[in-house]
Structures are given as structure tokens and as C-alpha cells.
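S.K.: I'd like to ask some things about the structure below.
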Amino acid sequence: EDKVVQSPLSLVVHEGDTVTLNCSYEVTNFRSLLWYKQEKKAPTFLFMLTSSGIEKKSGRLSSILDKKELFSILNITATQTGDSAVYLCAARTGTASKLTFGTGTRLQVTL
Amino acid sequence: DGGITQSPKYLFRKEGQNVTLSCEQNLNHDAMYWYRQDPGQGLRLIYYSQIVNDFQKGDIAEGYSVSREKKESFPLTVTSAQKNPTAFYLCATGAGTSYEQYFGPGTRLTVT
Numbered sequence: 001e002d003k004v005v006q007s008p009l010s011l012v013v014h015e016g017d018t019v020t021l022n023c024s025y026e027v028t029n030f031r032s033l034l035w036y037k038q039e040k041k042a043p044t045f046l047f048m049l050t051s052s053g054i055e056k057k058s059g060r061l062s063s064i065l066d067k068k069e070l071f072s073i074l075n076i077t078a079t080q081t082g083d084s085a086v087y088l089c090a091a092r093t094g095t096a097s098k099l100t101f102g103t104g105t106r107l108q109v110t111l
Numbered sequence: 001d002g003g004i005t006q007s008p009k010y011l012f013r014k015e016g017q018n019v020t021l022s023c024e025q026n027l028n029h030d031a032m033y034w035y036r037q038d039p040g041q042g043l044r045l046i047y048y049s050q051i052v053n054d055f056q057k058g059d060i061a062e063g064y065s066v067s068r069e070k071k072e073s074f075p076l077t078v079t080s081a082q083k084n085p086t087a088f089y090l091c092a093t094g095a096g097t098s099y100e101q102y103f104g105p106g107t108r109l110t111v112t
């Protein structure tokens, strides 16, 4: 059975802190790893990682994939209250582009 | 205005009734997906469709049914056989197997 595990489950930080969110996966026929941010309703896409060791960056967010150790991290630097959300990672498997999601990390950024 | 629409936003039903959730897209994406999200949990795949008139079961298809008669539409029926239907339902589309999935705003279904 495909499995994606995220840690920590929840996190409270102060504005300006740097956070690292973890995602490990055990799936068959792995294709890529995706990160989403979910604030209230629909998850919004952040990154898709296919190759090991290549960092993807967007503003204060960055992510990297390690296909040998089967994990990915999402870093957020200089956090802001607007970063408060649930961060979901998902492993894409097979030719049908199925996504298996982790349970998410709930991040709360306080003033 | 491109996007994915789901209706209604909130839906209340009595136990034993079937209910159909709508998902419409004008992104011209071939693939469409239905997920269910329960509190404190990630998304779980119910059904998906890669092309019109074809669909496959996901990880938790029991008690659900779908149709894909048009590219733009992928309605999900929650039947009375679904033992615990109260949840947040998300529809998503994908441009192809190498692309990310885009999510609609979701429908929150409450069955009492």
C-alpha cells in the first residue's frame, strides 16, 4: 500500500522564523513529489519535484527531493502570518497520475 | 474566466438519500479526480477519469459512483451505501500525467 508521511503534524512559530517541513514516502512506481498549501478550502500548488537534489525555489519557499532516501523537505524562511496554513505533500505514481497525499502539517505563524 | 467550479458549497442530506456533487471545468484538461478530506487527514482518492467515457476507482470508491459523459463535467454521486459520507469533497483536474493537479473550491457534505 502506498504511504506518504508528513512531520511534524503541527507547528507554531513566530513571525520571522525559518521552518522545515518533512515528507517521506513509500510508494510503487514513483513519478514525482508535489507540495500544496491549503488555507481554507482548495489546495493551491507550490512545487513539483521529479529529480533528486535539484532545489526548487519560489520567493521565501524552497523544496528539494531525495529519491535515494525517499523524502522531501519544504523550507519557509522569514515566515509571515500569511504562511499559516496546512501544507500537504503528495506522491504521484503510475501512468494515471494518481496522487497519494500525506495528512499534512498545520503551520501557525504568530506575531 | 478559467477554472473549476463545484456546487453547491454546502450540502445537507438525511441518511439514506443519494446526493450528487457537481464538478465543472473549462480548463480543457483531460483528467479529472475526486478526493475526500476528513478533519485532520490528507486527501483520499475516490475516483478518477483520464478521458471521456472512462473512469477508474481510486482508493476509497465503495459507496460512490461517477460518470464522465463530457470532458467538462465529472459529477460524483454519494450513495446510501457510503457508511460515513460526511466530509469535504474536492474535485481536481490535470492537464496530463506530467502536470500538477488543480483543485476546485470543494463541497462540504453533511449527512444526518
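As they're listed, the protein sequences go chains A and B. Quick note: the first sequence, position 73, residue 73 per the numbering used here, numbers continuous. Quick note: the second sequence, position 41, residue 41 per the numbering used here, numbers continuous. We put the CB at the ideal spot given by N, CA and C, even for glycine.
Enumerate in chain order the residues of its own chain whose CB-to-CB distance from residue 25 of chain A is below 6 Å, with the five nearest sequence positions on each side excluded.
M.R.: Mapped onto the first sequence, residue 25 of chain A falls at position 25. Once the five neighbours on either side are set aside, the close Cβ partners of residue 25 of chain A are 4, 70 and 91.
S.K.: On the criterion of 16 or more Cβ atoms from any shown chain inside 10 Å, does residue 36 of chain B qualify as buried, or is it exposed?
M.R.: Translated into positions along the second sequence, residue 36 of chain B becomes position 36. By the 10 Å Cβ count, residue 36 of chain B comes out buried.
S.K.: Between the C-alpha atoms of residue 57 of chain A and residue 22 of chain B, what's the straight-line distance to the nearest angstrom?
M.R.: The sequence position of residue 57 of chain A within the first sequence is 57, counting from 1. The sequence position of residue 22 of chain B within the second sequence is 22, counting from 1. About 35 Å.
S.K.: Distance check for residue 84 of chain A and residue 40 of chain A, CA to CA, integer angstroms please.
M.R.: One-based indexing of the first sequence puts residue 40 of chain A at position 40. One-based indexing of the first sequence puts residue 84 of chain A at position 84. One C-alpha to the other measures close to 10 Å.
S.K.: Let's test the definition: count the other Cβ atoms within 10 Å of the Cβ of residue 54 of chain A and tell me whether it reaches 16, buried, or not, exposed.
M.R.: As a first step, residue 54 of chain A is located in the first sequence; it is residue number 54 there, counting from the start. Classification for residue 54 of chain A: exposed.
S.K.: What three-state label does DSSP hand residue 82 of chain A in the structure shown?
M.R.: Locating residue 82 of chain A in the first sequence gives position 82, counting from the first residue. Residue 82 of chain A: helix per DSSP, three-state reduction.
S.K.: Does the beta carbon of residue 41 of chain A come closer than 7 Å to any beta carbon on chain B?
M.R.: The residue you call residue 41 of chain A lines up with position 41 of the first sequence. At least one chain B Cβ lies under 7 Å of residue 41 of chain A.
S.K.: Excluding the 5 residues flanking residue 117 of chain A on each side, which residues of the same chain have their C-beta closer than 6 Å to its C-beta?
M.R.: The requested residue 117 of chain A is not part of the displayed model; chain A covers only 1 to 111.
S.K.: Would you kindly work out how many angstroms separate the C-alpha atoms of residue 79 of chain A and residue 105 of chain A, rounded to a whole number?
M.R.: Here residue 79 of chain A is taken as the residue at index 79 of the first sequence, counted from 1. Here residue 105 of chain A is taken as the residue at index 105 of the first sequence, counted from 1. So the two alpha carbons sit approximately 15 Å from each other.
S.K.: Is any beta-carbon of chain B found at less than 7 Å from that of residue 103 of chain A?
M.R.: Taking the first residue of the first sequence as 1, we reach residue 103 of chain A at position 103. Yes, residue 103 of chain A counts as interfacial toward chain B.
S.K.: Mind checking which residues open and close the beta strand (DSSP E) that includes residue 22 of chain B?
M.R.: Position 22 of the second sequence, counted from the start, is the residue given in the question as residue 22 of chain B. Start and end: 19-25.
S.K.: Classify residue 17 of chain B as buried or exposed, calling it buried when 16 or more other Cβ atoms lie within 10 Å of its own Cβ.
M.R.: Stepping through the second sequence from its first residue, residue 17 of chain B is reached at position 17. Classification of residue 17 of chain B: exposed, given that the 10 Å Cβ count is below 16.
S.K.: According to DSSP, is residue 3 of chain A part of a helix, a strand, or is it coil?
M.R.: Reading the first sequence from its first residue, position 3 is the one you call residue 3 of chain A. Residue 3 of chain A: strand per DSSP, three-state reduction.
S.K.: Just to confirm, is the Cβ distance from residue 6 of chain A to residue 23 of chain A under 7 Å?
M.R.: Taking the first sequence and counting its residues from 1, one reaches residue 6 of chain A at position 6. Taking the first sequence and counting its residues from 1, one reaches residue 23 of chain A at position 23. Result yes, Cβ atoms of residue 6 of chain A and residue 23 of chain A sit closer than 7 Å.
S.K.: Cα-Cα, which of A:10, A:15, A:20 and A:34 is closest to residue 100 of chain B?
M.R.: Against the second sequence, residue 100 of chain B aligns to sequence position 100. Checked all of A:10, A:15, A:20 and A:34; the closest Cα to residue 100 of chain B is A:34.
S.K.: Using the Cα positions of residue 20 of chain A and residue 11 of chain A, report the straight-line distance between them to the nearest angstrom.
M.R.: Position 20 of the first sequence, counting from 1, holds the residue named residue 20 of chain A. Position 11 of the first sequence, counting from 1, holds the residue named residue 11 of chain A. Going by the C-alpha atoms only, they are around 10 Å apart.
S.K.: Excluding sequence positions up to five away, which residues of its chain have a Cβ less than 7 Å from the Cβ of residue 101 of chain A?
M.R.: Here residue 101 of chain A corresponds to residue number 101 of the first sequence, with the count starting at 1. 4, 88 and 90, listed in sequence order.
S.K.: Assuming residue 4 of chain B contacts residue 106 of chain B (C-beta within less than 8 Å), just tell me the rounded distance between them.
M.R.: As a working note, residue 4 of chain B is residue 4 in the second sequence. As a working note, residue 106 of chain B is residue 106 in the second sequence. Going by Cβ atoms, the distance from residue 4 of chain B to residue 106 of chain B rounds to 10 Å, so no, they are not a contact pair.
S.K.: Mind listing the chain B neighbours of residue 98 of chain A? Cutoff is C-beta to C-beta under 8 Å, in chain order.
M.R.: Here residue 98 of chain A refers to the residue found at position 98 of the first sequence. Chain B residues near residue 98 of chain A: 45, 48 and 58.
S.K.: I believe residue 52 of chain A touches residue 68 of chain A by the beta-carbon criterion, under 8 Å. Please report the beta-carbon distance rounded to the nearest angstrom.
M.R.: Position 52 of the first sequence, counted from the start, is the residue given in the question as residue 52 of chain A. Position 68 of the first sequence, counted from the start, is the residue given in the question as residue 68 of chain A. Residue 52 of chain A to residue 68 of chain A, Cβ: 7 Å. Contact.
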